[in-house]
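Remarks on the structure that follows.
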């Protein structure tokens, strides 16, 4: 299919990676719990936009640049780690009744998810290694092949984000009435963000 080998396996693999817990999933859940369905959909759009930038950066050879200059890679890596940890600490230190760490305005949720996605430089290397697995070197059609793959990932992410948003919103309605549960969930989310930041910083 347009130079893509085993398109079905490609789709299944992308879905599996979407299900793996990570900063992007946490951004979707947190945005939905704070901003409802609009917040969750805005965060989904942010993740999609961030993924598109990373994917096309990988195609353009940014991954090779990062691999050739490790100091650049580690600088961006530390920046992403610091950003995630900063968000996590703000959640952990937030006092009961204080304004939420994440703004309730949907466009802020988009920015938040976009930044979390972009500040993960290892994702560029992942796409650089992932795409060739499904590109037929004989029948590939250049940018068109990569465009179809990128569009597929965007569509799958949109479907996954919509499903996650609706499920999270459905569950959030049942815990929103209990402030204690909301505070505990925010602290847990903060711990996960700090953990993601530390993992990103120490990984090589």
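In this note's numbering, the protein residues as written are 25 to 228.
All C-beta atoms, glycine included, are put in the ideal place defined by N, C-alpha and C.
Asked: Limits of the unbroken alpha helix (DSSP H) element including residue 26; Found: Note, residue 26: premise wrong, no alpha helix (DSSP H); not H, not E.
Asked: Exposure label - residue 75; buried when at least 16 CB within 10 Å; Found: buried
Asked: Three-state secondary structure (DSSP) of residue 71; Found: helix
Asked: Contacts around residue 211, its chain only, beta-carbon distance under 8 Å, and the 5 residues preceding and following it disregarded; Found: 115, 116
Asked: Close-in-space but distant-in-sequence residues of the same chain around residue 26 (CB under 7 Å, 5 per side omitted); Found: 165, 168, 169, 172
Asked: Assigned secondary structure, residue 162 (DSSP; H/G/I helix, E/B strand, else coil); Found: coil
Asked: Neighbour-count burial assignment, residue 58, 16 or more Cβ in a 10 Å radius; Found: buried
Asked: Secondary structure of residue 147, DSSP reduced to three states; Found: helix
Asked: When 56, 30, 223, 183 are compared against residue 43, the one with the closest alpha-carbon; Found: 183
Asked: Nearest candidate by alpha-carbon position, reference residue 177, set 54, 55, 69, 61; Found: 69
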